[in-house]
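Just so it is clear: in the sequence shown, position 469 is 1965 by the numbering used here, and no numbers are missing.
Positions of the beta carbon are idealized from the N, C-alpha and C atoms, including for glycine.
Computed from a predicted model, the values in this text were never measured in an experiment.
Structure first, then comments.
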Amino acid sequence: MDLQNIVDSSGDTNNNTSVQNSTKSSYEGNYQVNISSTNFELDTITSTYTGLIRIYRLLYVADHCLSLRNEALLASLKYIQETHFISLYKQIVDELKKQNVPLSNDFDPSWLEKTQRNYTHKLEKLDNDLRHFRTNSIKDSIRRGHDDLGDHYLDAGDFFNAVRCYVRSRDYCVTPRHIITMCMNVIKASFYMQNWPNVLSYVTKAEQAVESLESTTKSTTTPAATTSSTRNPMDVATVNSLMASDAILISRLKVYAGIAELATKRYKLAARHFLGVTFDHCSNHFQDLISPQTLVQYICLCSLAAFERPELHRLIITSPNVKQYLELEPSIRDILHKFYETSYSSCLALMSQLEPTFALDQYLAPHVCTLYYEIRHRIIITYFLPYKNACMTTMANQLNTTIDILEDELVHLIRSGKIKARIDSKNKILYVADTDQRWYAYQHALTITKQSEKITRALLLRSAIIKTNLSVRDDSIPPSNRPSNNNNNMNISRRQFSTNMIGNMIMDEGDLSDDAAMN
């Protein structure tokens, strides 16, 4: 059973059919991860996630880890009975039978029939209610009818119809709060479909609606409004509650945007979105989306691959919010600190240990190798920066790699212009590329000389103009707006002002412009 095909049946995703394993260059397609149950516990998924995201994460582990396959399938079968996702239920049961895995004692053979009947009955009821609301032209009821119908489709895994119902409710949204609800519903369904452009589009719309809502809330907290609210304490409590819920909403939008940016390989934007998620919000309200442990993994890899050292120190190392996340994942904290302390050998060793765990994350796995390459390249560049030459054998030992692999990476960095160096392949030494400092000094001297000559000629010309009482007029200014010539200066058109007019000085119109700027 392929989780990617399950998503394809409900939405648009890219199905990579290449067969790879954990030793290949990327974690995409039908790869397998060798990891024991002691290094990866399914309880980290079942205890920290809820809803469809928990089921999808379990199925991803089942697809890519043989040692945990049966356990993950049985767990997903248990949780899927809390939904109406009938098609996925059938696929899981068929897969378990194919693997000759005995079903649990609490397995209900009649669940499929009862759920199918309940789903059809509820769908007909919601459809009839929506027709009734349309007949009565009750705008808010029509909006809620579309939302209820979309929720029902979403619970059954029919994400395409869910998005269609949510989008139809847009015409019946009256307040910014209604627009936010509509956007969040579309984002959720698009997220399960892995339709990342749609996710980012509606995240932007939701953020705009939240901004307009915040401006409205601030207007209610003016001194006049505050004076009237002291008579009714519930008003203050309501405003504070709305502001708190809006803050949680903003954090949720940043998680959606961060995962979408990660999926589109814009790692720096993804890291900035993830850093905007408050720890308290993530640990208490996002069980249906992401766990704090997973979020800090995303933050670590994206920031190491995309941020410069000053940004890393300011946004990660010294951030009180990030420190709360790092307390939950000591290994991630060690990777960040080892990288910042330039203990690259220890940093890369820790990253290598965690690679199988990252490869079992459905959103991170396709980018693990790319992120690792970017981090390694950043380490190589930083390592070589203070040296004029470096022994490649020592570098390979420090970077936990072989000389041949290191040489290939150095060639790539040199060709891309990230390192200005030359490789002595025979002696395995990396040299800084020779630069002719004398030539650069000569070119700089010529540039300074030309600038000095230009300034001197402009000063001489100005002095000669003043001495001869010469006035150069601008033809673009109408005669009525020109100042009167009370000093009996000789007027001459700017166009008529030509070379050799004063001595042997040759000045064009551009030089006069520079001279005017000096005034």
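Decide if threonine 1677 is buried, meaning its Cβ has at least 16 other Cβ atoms within 10 Å, or exposed.
Taking the first residue of the sequence shown as position 1, residue 1677 is located at position 181. Threonine 1677 is buried by the Cβ-count criterion.
Rounded separation between arginine 1934 and alanine 1886 - CA only: Position 438 of the sequence shown, counted from the first residue, corresponds to residue 1934. Position 390 of the sequence shown, counted from the first residue, corresponds to residue 1886. Looking at the two C-alpha atoms, the distance is approximately 25 Å.
### Query
Looking at C-alpha atoms only, which residue of Leu1926, Tyr1649, Arg1550, Ser1708 is the closest neighbour of leucine 1619?
Looking up residue 1619 in the sequence shown gives position 123. Residue Tyr1649 is the option with its Cα nearest to leucine 1619.
field: Identified DSSP bridge partners for asparagine 1885
entry: Working through the sequence shown from its first residue, we reach residue 1885 at position 389. The partner list for asparagine 1885 (beta bridge, DSSP) reads Tyr1927.
Notebook entry, point to check: In the DSSP assignment, what are the bridge partners of aspartate 1920?
Noted result: Indexing the sequence shown from 1 puts residue 1920 at position 424. Bridge partners of aspartate 1920: Ile1925.
Quiz item: Is it the case that the Cβ atoms of phenylalanine 1880 and leucine 1926 are separated by a distance below 8 Å?
Solution: Taking the sequence shown and counting its residues from 1, the one referred to as residue 1880 is at position 384. Taking the sequence shown and counting its residues from 1, the one referred to as residue 1926 is at position 430. Their beta carbons are under 8 Å apart, which means phenylalanine 1880 touches leucine 1926 by this criterion.
Spatially closest choice to isoleucine 1876 from Thr1853, Asp1904, Ala1861, by CA coordinates: Sequence index remark: in the sequence shown, residue 1876 carries index 380 (1-based). Nearest C-alpha to isoleucine 1876: Asp1904.
| message | Which residue marks the beginning of the alpha helix (DSSP H) containing arginine 1666, and which one marks its end? | response | Residue mapping note: residue 1666 aligns to position 170 of the sequence shown, counting from 1. Arginine 1666 -> no alpha helix (DSSP H), and no H or E assigned at all.
Between the stretch 1552–1562 and the stretch 1889–1901, do three or more beta carbon pairs fall short of 8 Å?
-> no
- Task: Could you check which residue in Leu1895, Leu1808, His1863, Pro1882 has the C-alpha nearest to that of serine 1841?
- Result: Reading the sequence shown from its first residue, position 345 is the one you call residue 1841. Comparing Cα positions, the closest option is Leu1895.
Count Cβ pairs between the stretch 1780–1793 and the stretch 1760–1767 that sit closer than 8 Å; are there 3 or more?
no
- prompt: Which residue comes first and which comes last in the alpha helix (DSSP H) that contains phenylalanine 1803?
  reply: Residue 1803 sits at position 307 when you count from the first residue of the sequence shown. Taken as a continuous stretch (DSSP letters only), phenylalanine 1803 belongs to no alpha helix (DSSP H), as it is neither H nor E.
Exercise. Hey, phenylalanine 1803 and leucine 1811 are a contact pair by Cβ (cut 8 Å); roughly how many whole angstroms apart?
Worked result: Counting from one through the sequence shown, the residue named residue 1803 turns up at place 307. Counting from one through the sequence shown, the residue named residue 1811 turns up at place 315. At roughly 7 Å, the Cβ-Cβ gap stays under 8 Å, so phenylalanine 1803 and leucine 1811 are in contact.
| said: Using only CA atoms, which one of Val1751, Tyr1575, Arg1565 lies nearest to threonine 1546? | reply: Position 50 of the sequence shown, counted from the start, is the residue given in the question as residue 1546. That would be Tyr1575, whose Cα lies nearest to the Cα of threonine 1546.
Review point. Is arginine 1727 helix, strand or coil when you go by DSSP?
Key: Here residue 1727 refers to the residue found at position 231 when the sequence shown is read from its first residue. The pLDDT assigned to arginine 1727 is 45, lower than 50, so where the model puts this residue is not dependable; a value taken from the coordinates is nonetheless given after this. It is coil, neither helix nor strand.
My parser needs the alpha helix (DSSP H) runs of 4 or more residues fully inside the stretch 1831–1888; what are they?
1840–1854, 1864–1880
By a C-beta neighbour count over all protein chains shown, 10 Å radius and 16 as the cutoff for buried, is arginine 1639 buried or exposed?
The count along the sequence shown starts at 1 and reaches residue 1639 at position 143. Per the 10 Å Cβ criterion, buried.
For the stretch 1703–1711 against the stretch 1663–1682, are there 3 or more C-beta pairs whose distance is under 8 Å? yes
Open item on the list: Given this structure, state the Cα-to-Cα distance separating serine 1959 from alanine 1941, to the nearest angstrom.
Closed with: Against the sequence shown, residue 1959 aligns to sequence position 463. Against the sequence shown, residue 1941 aligns to sequence position 445. About 27 Å.
- Task: May I ask which residues mark the beginning and end of the alpha helix (DSSP H) holding leucine 1620?
- Result: On the sequence shown, position 124 is the one that residue 1620 refers to. It is worth fixing the name first, because residue 1620 is glutamate in this sequence and not leucine. Taken as a continuous stretch (DSSP letters only), the alpha helix (DSSP H) holding glutamate 1620 covers 1607–1632.
State the Cα-Cα distance for the pair isoleucine 1871 and serine 1848, rounded to the nearest angstrom. One-based indexing of the sequence shown puts residue 1871 at position 375. One-based indexing of the sequence shown puts residue 1848 at position 352. The straight-line gap from Cα to Cα measures roughly 12 Å.
Requested in this report: Indicate the three-state DSSP secondary structure (helix, strand or coil) for threonine 1995 in the structure shown.
Outcome: One-based indexing of the sequence shown puts residue 1995 at position 499. Any answer about threonine 1995 is weak, because its pLDDT of 46 lies below 50 and its placement is not dependable; what the coordinates show is given next. Correct three-state label for threonine 1995: coil.
For a test of the three-state rule: what should DSSP assign to leucine 1709, helix, strand or coil? For the purposes of this step, residue 1709 is taken as the residue at position 213 of the sequence shown. Leucine 1709 falls in the helix class under three-state DSSP.
**Request:** Would you give the residue range spanned by the alpha helix (DSSP H) that tyrosine 1763 belongs to?
**Result:** Mapped onto the sequence shown, residue 1763 falls at position 267. Looking at the DSSP string, the run of the alpha helix (DSSP H) that includes tyrosine 1763 is 1763–1771.
Backbone secondary structure at cysteine 1561 - three-state DSSP:
Position 65 of the sequence shown holds residue 1561. Looking at cysteine 1561 - three-state DSSP - the assignment turns out to be coil, as it is neither helix nor strand.
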